[in-house]
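Inspection log for the structure reproduced underneath, given as structure tokens.
Numbering (our numbering), first residue to last: 17 to 189.
In structure tokens, the structure reads:
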């Protein structure tokens, strides 16, 4: 065997050994993927920003969907008492009114300011989803007349835009 053949054979053997080591390393699970390492270091959620977004969504008189990611898909991303808003004929406010006050006849002339104590959000908790692309904020609005707490949940993307909204019972976000 000449020198050139020996070098070529040695180089091929070296590459094979390195590949075997890499494969063994991956198979034994001694590594972390980019997703795993980033999910353990998710950024802290800014509670003040979350409250501002929720407060604006409920109490803004502009109703311009400023913090909603897809305003045109509101029918399919808003749920009240576990029912998709798009499956109902009433307005969101009327459905929330009926849910909050436990009546079957929604008063469609009322706004959220007449139903809930304005700008009052209680027991707000936030948690990143496992994929690290969105987080959920859950809490309670306080019903103005009774003082009872009315549950809600919002799913936000990492840019604090609202992806889904849930109100009342049967929140499965």
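Even for Gly, the Cβ is constructed at its ideal location relative to N, Cα and C.
Just so we're clear, the structure is a prediction, and the values are computed from it rather than from any experiment.
What residue does the beta strand (DSSP E) around residue i start on, and which one ends it?
i	result
residue 165	165 to 173
residue 119	Neither: residue 119 is in no beta strand (DSSP E) and is coded neither H nor E.
residue 156	150 to 159
residue 72	Element bounds for residue 72: not the beta strand (DSSP E) but the alpha helix (DSSP H), 63 to 75.
Return the Cβ separation of residue i and residue j in integer angstroms, given the expectation that the two are a contact with Cβ distance under 8 Å.
i	j	result
residue 65	residue 176	5 Å
residue 183	residue 96	5 Å
residue 158	residue 116	Contact flag wrong, Cβ pair sits at about 10 Å.
residue 98	residue 186	3 Å
residue 6	residue 179	Any question about residue 6 goes unanswered here, given that the chain covers just 17 to 189.
residue 174	residue 149	6 Å
What is the DSSP secondary structure of residue i, counted as helix, strand or coil?
i	result
residue 189	coil
residue 139	strand
residue 94	strand
residue 32	helix
residue 177	coil
residue 26	helix
residue 55	Only weak support exists for where residue 55 lies, its pLDDT of 46 falling under 50; the coordinates are left without a value.
Along the alpha helix (DSSP H) that carries residue i, what are the first and last residues, could you check?
i	result
residue 131	128 to 131
Which one or two residues does DSSP pair with residue i in a beta bridge?
i	result
residue 20	Answer by DSSP bridge pairing: none, since residue 20 is not bridged.
residue 60	Paired residues: none, contrary to the question.
residue 183	96, 168
residue 108	None; residue 108 has no bridge partner.
*asked:* Quick test of the definition: if touching needs 3 or more C-beta pairs under 8 Å, does the segment 56 to 75 touch the segment 124 to 137?
replied: yes
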